[in-house]
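Visitor: Reminder that position 99 of the sequence shown reads as 99 in UniProt numbering, one-by-one numbering, no gaps. Ideal Cβ placement from N, Cα and C applies to all residues, glycine included. Submitted below is the structure of interest, expressed as C-alpha cells.
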Amino acid sequence: MSGPEETDLPGGWEAAAAEYVLGLLPEDEIRAFEAQLAQDRELRQDVEAWEQYFATLTDDIAPVEAPPQVLRRTEQTLFGAPRKPLWRQLLPYLGGAVAAALIAWAAMFGGLLDRGSDAPHLYAELDTPSRGLELLAHYAPDSGTFMVRHDAGDLPGDRSLEIWMIPEEGDTPISLGLVDPAVQLTQIPVPQDLGLQMPGAAIAISEEPLGGSPTGQATGPILSLGQLAPREEDAAE
1 MSGPEETDLP GGWEAAAAEY VLGLLPEDEI RAFEAQLAQD RELRQDVEAW EQYFATLTDD
61 IAPVEAPPQV LRRTEQTLFG APRKPLWRQL LPYLGGAVAA ALIAWAAMFG GLLDRGSDAP
121 HLYAELDTPS RGLELLAHYA PDSGTFMVRH DAGDLPGDRS LEIWMIPEEG DTPISLGLVD
181 PAVQLTQIPV PQDLGLQMPG AAIAISEEPL GGSPTGQATG PILSLGQLAP REEDAAE
C-alpha cells in the first residue's frame, strides 16, 4: 500500500478499511480515512475487497420481503415523506370551486338571486331635436342590463356621449358609462344595488371629452333628459 505506513487508527489502514465498509468508524476517523482514501490507490482496493467479502456473507441467507409498513417507514426515513400527487394537492381547492359554481348556478337559475324578474322594463326617450339625435334608454331588470339604442342622428366623432342616472330620491348624477359609437345598441351591466334605484330615475346624456368626464361629474352640455318608466302596454299588463 502506498502512502504512510503508520496511522493513528486502531489496527492500521487495512482494519480501518473493514470498519469503514461496515460503517463502524467514528465521524472524526471517517474524515481522516477518506482523506487518505482519496490519495491511496491500494487503500481503495482494500475497501473494494472488504465490500466484496462482506457481500458474500449474505449469499446463503434467503431474502425476506419487508412488511409494507416497515418499507414505508424506511423510505420516509431515507427520502422523506412522499409528495401527494398534484391532483390530490388541488382537491380541496377544486372542491371549493365546484361548490361555488353550483351556488352561482342555483342563484342564477334557481331563483335564489332574484333581480326583479317580475318588475317591468323601463324606458326613456332621449332626443336632441337640434341635432336630429334620437336615443332610447332601456333598463331590463330581469338581466340587470341598461341599454341605449341609437335610432337616428350622427354621434360626435371627437367627443363622447356619457350616460347619467339621477335617482328619484337624490340629485347626484351617477355615471353609467358611455354611448358606444361603434354599435347601435350600447349594453351596460348594472349592479343590483344600482338597479334598485332605476324605477323613477332620470337619465341624462351629456357631451364630454373623449373617454368621458375627467371629474366624475358632467362637464359638457346636457343634450337630453328623460325619466325611466314602463311603457303603457307593459304597465297595463
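Check for me: the alpha helix (DSSP H) holding GLU27 runs from which residue to which?
Guide: Note, GLU27: alpha helix (DSSP H), 27-39.
Visitor: Taking Cβ to Cβ, would you say THR145 is nearer than 8 Å to GLN192?
Guide: Not in contact: THR145 and GLN192 (Cβ atoms no closer than 8 Å).
Visitor: Just mark ILE163 as buried or exposed, buried being the case when its beta carbon has 16 or more other beta carbons within 10 Å.
Guide: Buried, since its Cβ has 16 or more Cβ neighbours within 10 Å.
Visitor: Helix, strand or coil for GLN192 per DSSP?
Guide: Helix.
Visitor: Locate the beta strand (DSSP E) running through GLU125, then write down its first and last residues.
Guide: That run of the beta strand (DSSP E) goes 122-128.
Visitor: For ILE203 versus ALA119, is the C-beta distance shorter than 8 Å?
Guide: Not closer than 8 Å, so no.
Visitor: Which residue marks the beginning of the alpha helix (DSSP H) containing ALA17, and which one marks its end?
Guide: Unbroken alpha helix (DSSP H) run through ALA17: 12-22.
Visitor: Check the C-beta distance from ARG149 over to GLU207 and give it rounded, since I have them as a contact under 8 Å.
Guide: Their Cβ separation, rounded to whole angstroms, is 18 Å, which puts ARG149 and GLU207 out of contact at 8 Å.
Visitor: Does the beta-carbon distance from ALA166 to ALA140 come in below 8 Å?
Guide: Note on identity: in this sequence residue 166 is Ile, with Ala being the wrong assignment. Taking 8 Å as the Cβ cut-off, ILE166 and ALA140 do not qualify as a contacting pair.
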